[in-house]
Amino acid sequence: WQRAYIAFDGSGADGAPAPPEDGLLRGVPVAVKDNLCTRGAMATTAASNALRGFRAGYDATAVARLRGAGAAVVGKTNMDEFAMGFGTFYSAFGPSFNPYGADFVPGGSSGGSAAAVANHSCYAALGSDTGGSVRQPASYCGVVGFKPTYGSISRLGLISYASSLDTVGILARSVLDCAVVYDCVHGGCELDSTSNLAARASGVAHPVLQQVYGVAGEDELLDVLEAGGGRPRPKPLAGVTIGIPEEMYMEELDPDVVAAWQSARDHCAALGAEVVRVTLPILASDLCLASYTVIASAEASSNLARYDGVRYGHRSRADDGAACATPEEDRVDAKAFHELVTRSRSEGFGEEVQRRIMLGTFCLSKGRYGKFYDAALETRRRVGEEMCKAFDGTSVEGRPTAGVDALLAPTAPTPAFEVPDLAKDELHYVDLLVNDVLTVPPSLAGCPAISIPAALSSGAKPLPIGMQLIGPHHEDAALLKIAAALEGALAFQGLPPSTEAQAHG
Numbered sequence: 089w090q091r092a093y094i095a096f097d098g099s100g101a102d103g104a105p106a107p108p109e110d111g112l113l114r115g116v117p118v119a120v121k122d123n124l125c126t127r128g129a130m131a132t133t134a135a136s137n138a139l140r141g142f143r144a145g146y147d148a149t150a151v152a153r154l155r156g157a158g159a160a161v162v163g164k165t166n167m168d169e170f171a172m173g174f175g176t177f178y179s180a181f182g183p184s185f186n187p188y189g190a191d192f193v194p195g196g197s198s199g200g201s202a203a204a205v206a207n208h209s210c211y212a213a214l215g216s217d218t219g220g221s222v223r224q225p226a227s228y229c230g231v232v233g234f235k236p237t238y239g240s241i242s243r244l245g246l247i248s249y250a251s252s253l254d255t256v257g258i259l260a261r262s263v264l265d266c267a268v269v270y271d272c273v274h275g276g277c278e279l280d281s282t283s284n285l286a287a288r289a290s291g292v293a294h295p296v297l298q299q300v301y302g303v304a305g306e307d308e309l310l311d312v313l314e315a316g317g318g319r320p321r322p323k324p325l326a327g328v329t330i331g332i333p334e335e336m337y338m339e340e341l342d343p344d345v346v347a348a349w350q351s352a353r354d355h356c357a358a359l360g361a362e363v364v365r366v367t368l369p370i371l372a373s374d375l376c377l378a379s380y381t382v383i384a385s386a387e388a389s390s391n392l393a394r395y396d397g398v399r400y401g402h403r404s405r406a407d408d409g410a411a412c413a414t415p416e417e418d419r420v421d422a423k424a425f426h427e428l429v430t431r432s433r434s435e436g437f438g439e440e441v442q443r444r445i446m447l448g449t450f451c452l453s454k455g456r457y458g459k460f461y462d463a464a465l466e467t468r469r470r471v472g473e474e475m476c477k478a479f480d481g482t483s484v485e486g487r488p489t490a491g492v493d494a495l496l497a498p499t500a501p502t503p504a505f506e507v508p509d510l511a512k513d514e515l516h517y518v519d520l521l522v523n524d525v526l527t528v529p530p531s532l533a534g535c536p537a538i539s540i541p542a543a544l545s546s547g548a549k550p551l552p553i554g555m556q557l558i559g560p561h562h563e564d565a566a567l568l569k570i571a572a573a574l575e576g577a578l579a580f581q582g583l584p585p586s587t588e589a590q591a592h593g
């Protein structure tokens, strides 16, 4: 009933090579968001009619590395069309639902991946994070969602939405599981110029797990996996400085979210961390969300231009384009061609995708490029600059400090909201965009961020609340180590009700 999957293959054998005998994930079931290419019979559609039935001829790099570690890809998860959405209700295959309640969204755009992990149908799932599309669903579904540093996982085979923001992310039920998957898939590849090749060139076996959990060999690694994590220490965050961004305390925060944030701060201090206030003035304005919207829409307008029904994507069957050809003149009828492309794109793209394409095209048009797109890039630069200042210490208030190791804030302003009825409900884009207000800044800056489940809301239907840790560029392992310590202290126990109870309730 949760509609977590668009396609499912319980055997995990579809398109897979023979599994290695010594892979770290041998035989482990994983799911993949439907905007990551997978070879075999399962289609890769990005939850869009524009790509319905498309079968990729190769695996995305992240998928290939999972299979190389022995993982079994059991399904393609539902998502907002082309990753453009807030709750996985903008899908050509219908909405997904939150495992904690069929009335609530699982988050977006990687809601299917989050629901699949939460309902225990897979060990972990890959998603994509552009402005919070891994972390927000993780918060709503009570799982862990990790967005690594931009470029630390190759984007080869990821269907593009906004290329300068898109990041392959990981959803799992624990930080340890996230670290295991990240250890297998991290690093760039030569076919992705935006990826970090050096991240995979160390020559050290399982470098992420060694940094996070201190293992020195395969035997120790297996002991850690069987124990569910490293040996507990009395003060695991001793010497760590956690920053609390004052500007992220905003009026939109639900009281339960504020209480969970305070509890997480107290736990950090109890674990030995120094907790300090941090100021990021750019976050006090509305510029972050506005610049993200402009940049993402502009890049989407460019990336999705390829789906014209001629070279790529759905082609309208009305007249089947026969009127375009004029062989006797050896040319194409321009009007008929324009009509074919218009029909193909109108039929292939949903309303939300069309809306963002139009907005992006407008922002890139003559006379508006500088006013909107250039201004958005300047805001993005300022966000990155202020976050770097927080990490190097120049924006920390109080006594002098060398800077913070991580920032702590809520993942989303509220718990999951109710699934809207697209045929009846009047949805306001700005109201939906506010759900990403806390996840967009690290995406603009390209910093790693991870959401961990922290508490349940106090309403009649308790829903998960996630806390977000944000780290400096390329300090992904250090961030995972801090997250593991905080996760252990929070000891979140809010498992979703059983599927049977939900289905009959």
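For the working numbering, count along the sequence shown from 1 and bump the result up by 88.
Every residue, glycine too, gets a C-beta built ideally from N, C-alpha and C.
Membership of residue 234 in the beta strand (DSSP E) is indicated by the continuous run 232-235. Taken in chain order, the unbroken stretches of alpha helix (DSSP H) that lie wholly in the region 100-158 and span 4 residues or more are 149-156.
Between residue 179 and residue 259, the alpha-carbon positions lie close to 20 Å from each other.
Your pair residue 245 and residue 125 checks out as a contact, with CB atoms roughly 4 Å apart and the cut at 8 Å.
The Cβ atoms of residue 159 and residue 205 lie no closer than 8 Å to each other.
The residue among 110, 395, 530 with its C-alpha nearest the C-alpha of residue 564 is 530. Within the same chain, Cβ atoms closer than 6 Å to the Cβ of residue 189 are found at 549, the five residues on either side in sequence being excluded.
Under the 8 Å Cβ criterion, the region 308-317 does not count as touching the region 326-335, having fewer than three qualifying pairs.
Here residue 174 has 196, 520, 523 as same chain residues with Cβ atoms under 6 Å from its own Cβ, once five neighbours each way along the sequence are excluded. Inclusion of residue 576 and residue 494 in the CB contact set at 8 Å is not warranted, their separation being larger than that value. A distance below 8 Å between beta-carbons, with the five flanking residues on each side excluded, links residue 132 to the following residues of its chain, in chain order: 122, 123, 124, 125, 126, 139, 142, 143, 144, 164, 247. Separation of the CB atoms of residue 300 and residue 267 is rounded to 5 Å, and the pair is thereby assigned contact status at 8 Å.
Assigned with DSSP and collapsed to three states, residue 166 falls in coil, not helix or strand.
For the 8 Å CB-CB criterion, residue 112 and residue 157 form a contact.
Per DSSP, the beta-bridge partners of residue 539 are 233, 556. In the structure shown, residue 380 falls within a helical segment according to DSSP collapsed to helix, strand and coil.
Judged by pairs of C-beta atoms under 8 Å, the region 449-464 touches the region 377-397, as three or more such pairs exist. Between residue 307 and residue 255, the CB-CB gap reaches or exceeds 8 Å.
Residue pairing from DSSP places residue 333 in a beta bridge opposite 366. Exposure of residue 506 is indicated by the presence of fewer than 16 other C-beta atoms within 10 angstroms of its C-beta. For the region 173-227, the full-length alpha helix (DSSP H) segments reaching 4 residues or more read 199-206 along the chain.
DSSP, reduced to helix, strand and coil, places residue 580 outside both helices and strands of the structure shown, so it counts as coil.
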